[in-house]
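Residue numbers (full-length UniProt numbering): 1 to 343.
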């Protein structure tokens, strides 16, 4: 946690969004390419640079007609920077691919690269280039979502500090009883899982999910007709804040999905329904939601048990979310101070 690495010396103030991005890119790299490259600052610089350039370049690209997008990619400054980051990432990933291939994928440090290698047709330059492009695409998709969720969790707990100590106690007990930070320990954190689900209920990553283009006219029961070619989507944010589906829908209740009698969650954070849609619904539900929720929970849990946290300057309540297009972003300009806890 480089941006808060001096927190053991006293309070360290950081822009939360920037610090979270830095940490999450390292965590994502460990999953995608293994711990060795995750610890390499040059690799992280280019992997993060790629995701940030794609994010900033996305809006102007899709604002223009489809036939202009490919030429624009090749001549624009953003396109050149994206390709430059791709080239640099290849310099790090190609040797790692060869090493894993030579070891017959028997490394104890299994990473997404192993799965991508096994699906490759051969070990040619073109095949390696495709693997790197796939790895960068997955990094872009994962790191952005993880960062949003972790940032929202930290802002939620600072805005509702009555949950701080109960969550810390649950996490520390689970880790102690399960012999460390492992899958079993994560499964013994029902309060944390409820807290995550409630955070995503009030602050889903997007206001709309299941966006589709209608292929044929669809007659509705009220006589209206949704015409072919119409773009539609589920109003996720509105549904998840509707009093028809939730009591006190605008009130944050971190234990809304927690059953105190059985010390379990009533419904898990990854479980989708018609009234809870942050990861989609039905056959189109995001398959990466399991990795997203578990990774976000563990990173957030480490923040809670390792650091004291507070808003700087002091404030009460969670900062208002930032709607950017169809996305629901955490307050990007929020500053938080960290100090290493005395264990």
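Backbone N, C-alpha and C define an ideal beta-carbon position, used for all residues, glycine too.
### Query
Where does residue 17 fall in DSSP's three states?
What you label residue 17 is simply residue 17 of the chain shown in a count that begins at 1. The answer is helix: DSSP assigns residue 17 an H, G or I state.
### Task
Determine, using beta-carbon pairs with one atom in the region 26-42 and one in the region 74-85, whether at least three such pairs fall under 8 Å.
No contact exists between the region 26-42 and the region 74-85.
### Task
Name the two residues that bound the continuous alpha helix (DSSP H) containing residue 113.
Counted from its first residue, the chain shown places residue 113 at position 113. Start and end: 112-119.
### Task
At 3 residues or longer, and completely inside the region 190-269: list those beta strand (DSSP E) runs for me, N to C.
Fully enclosed beta strand (DSSP E) runs of 3 or longer: 209-213, 231-234.
### Task
Return helix, strand or coil for residue 62, following the three-state DSSP convention.
Here residue 62 refers to the residue found at position 62 when the chain shown is read from its first residue. Of the three classes helix, strand and coil, the one that applies to residue 62 here is helix, per DSSP.
### Query
Do the region 318-334 and the region 141-160 meet, that is, are 3 or more Cβ pairs less than 8 Å apart?
The region 318-334, when compared against the region 141-160, does touch it at the 8 Å Cβ threshold.
### Task
Out of 54, 112, 323, state which residue places its alpha-carbon closest to the alpha-carbon of residue 77.
Residue mapping note: residue 77 aligns to position 77 of the chain shown, counting from 1. Looking at the Cα atoms, 54 is the closest of the given residues.
### Task
In angstroms with no decimal places, state the Cα-to-Cα distance between residue 230 and residue 28.
Here the question's residue 230 lines up with position 230 in the chain shown. Here the question's residue 28 lines up with position 28 in the chain shown. Their Cα atoms are separated by approximately 36 Å.
#### Entry: DSSP state of residue 279 mapped onto helix, strand, coil
Residue 279 sits at position 279 when you count from the first residue of the chain shown. In the structure shown, residue 279 adopts coil according to DSSP, grouped into three states.
### Query
Quick one: what does DSSP say residue 74 is sitting in, helix, strand or coil?
The count along the chain shown starts at 1 and reaches residue 74 at position 74. In this structure, residue 74 counts as helix in the three-state DSSP scheme.
### Query
Taking the DSSP output, what are the residues bridged to residue 338?
The residue labelled residue 338 in the question sits at position 338 within the chain shown. DSSP, once it has assigned bridges, lists 12, 309 as partnering residue 338.
### Identity of the residue in 263, 167, 99 nearest residue 305 by Cα
Taking the chain shown and counting its residues from 1, the one referred to as residue 305 is at position 305. Checking every option, the nearest Cα to that of residue 305 belongs to 167.
### Three CB pairs or more closer than 8 Å across the region 253-271 and the region 192-207
Taking a cut-off of 8 Å for Cβ pairs, the region 253-271 and the region 192-207 touch, as three or more such pairs fall below it.
### Task
Decide if residue 74 is buried, meaning its Cβ has at least 16 other Cβ atoms within 10 Å, or exposed.
Along the chain shown, one-based indexing puts residue 74 at 74. Residue 74 sits exposed, since fewer than 16 C-beta atoms from the chains shown fall within 10 Å of its C-beta.
### Message
Using only the alpha-carbon positions, how far apart do residue 225 and residue 215 sit?
### Response
As a first step, residue 225 must be located in the chain shown, where it is residue number 225. As a first step, residue 215 must be located in the chain shown, where it is residue number 215. Cα to Cα, residue 225 sits roughly 13 Å from residue 215.
### Task
To the nearest angstrom, report how far apart residue 238 and residue 207 are at their CA atoms.
Start at 1 with the first residue of the chain shown, and residue 238 comes out as number 238. Start at 1 with the first residue of the chain shown, and residue 207 comes out as number 207. In this structure, the alpha-carbon of residue 238 lies about 8 Å from that of residue 207.
### Query
Which residues in the same chain as residue 248 place their Cβ atom closer than 8 Å to its Cβ, once the five residues preceding and following it in sequence are excluded?
For the purposes of this step, residue 248 is taken as the residue at position 248 of the chain shown. Taken in chain order, the list of residues that qualify is empty.
### Query
Do you know how far the Cα of residue 325 is from the Cα of residue 276?
Taking the first residue of the chain shown as position 1, residue 276 is located at position 276. Taking the first residue of the chain shown as position 1, residue 325 is located at position 325. Looking at the two C-alpha atoms, the distance is approximately 21 Å.
### Query
CB-CB under 6 Å to residue 143, same chain, minus the five flanking residues each way: which ones, in chain order?
The residue given as residue 143 occupies position 143 in the chain shown. Within the same chain, residue 143 has close Cβ partners 24, 25, 28, 51.
#### Entry: Rounded C-alpha distance that separates residue 13 from residue 189
What you label residue 13 is simply residue 13 of the chain shown in a count that begins at 1. What you label residue 189 is simply residue 189 of the chain shown in a count that begins at 1. Cα-Cα distance, rounded: 29 Å.
#### Entry: Residues sharing a beta bridge with residue 127, DSSP
Against the chain shown, residue 127 aligns to sequence position 127. Residue pairing by DSSP places residue 127 in no beta bridge whatsoever.
### Query
Taking the DSSP output, what are the residues bridged to residue 329?
Position 329 of the chain shown, counted from the start, is the residue given in the question as residue 329. DSSP output for residue 329 lists 322 as bridge partner(s).
### Query
Just checking, does the region 109-116 make contact with the region 158-178 on the three C-beta pairs under 8 Å criterion?
The region 109-116 is not in contact with the region 158-178.
### Task
Note down, in chain order, each residue of its chain lying with its Cβ closer than 6 Å to the Cβ of residue 358, except the 5 sequence neighbours on either side.
Residue 358 lies beyond the stretch modelled for the chain, which goes from 1 to 343, so this question has no answer here.
### Query
Along the chain, where does the alpha helix (DSSP H) that runs through residue 314 open and close?
As a working note, residue 314 is residue 314 in the chain shown. For residue 314, there is no enclosing alpha helix (DSSP H), as DSSP gives it neither H nor E.
### Proximal residues to residue 217 (C-beta, below 8 Å), its chain only, five neighbours per side dropped
Along the chain shown, one-based indexing puts residue 217 at 217. Only 225, 226, 227, 228 meet the Cβ criterion.
### Query
Which residues in the same chain have their Cβ closer than 6 Å to the Cβ of residue 20, if we skip the five residues on either side of it in sequence?
Sequence index remark: in the chain shown, residue 20 carries index 20 (1-based). The beta carbon of residue 20 sits closer than 6 Å to those of 147, 150, 151, all from its chain and outside the five residues before and after it, given in chain order.
### Message
Short of 8 Å in beta carbon distance, which residues of its chain neighbour residue 281, apart from the five on each side in sequence? Order them along the chain.
### Response
Working through the chain shown from its first residue, we reach residue 281 at position 281. Cβ neighbours of residue 281 beyond the five flanking positions: 209, 210, 234, 272, 273, 274.
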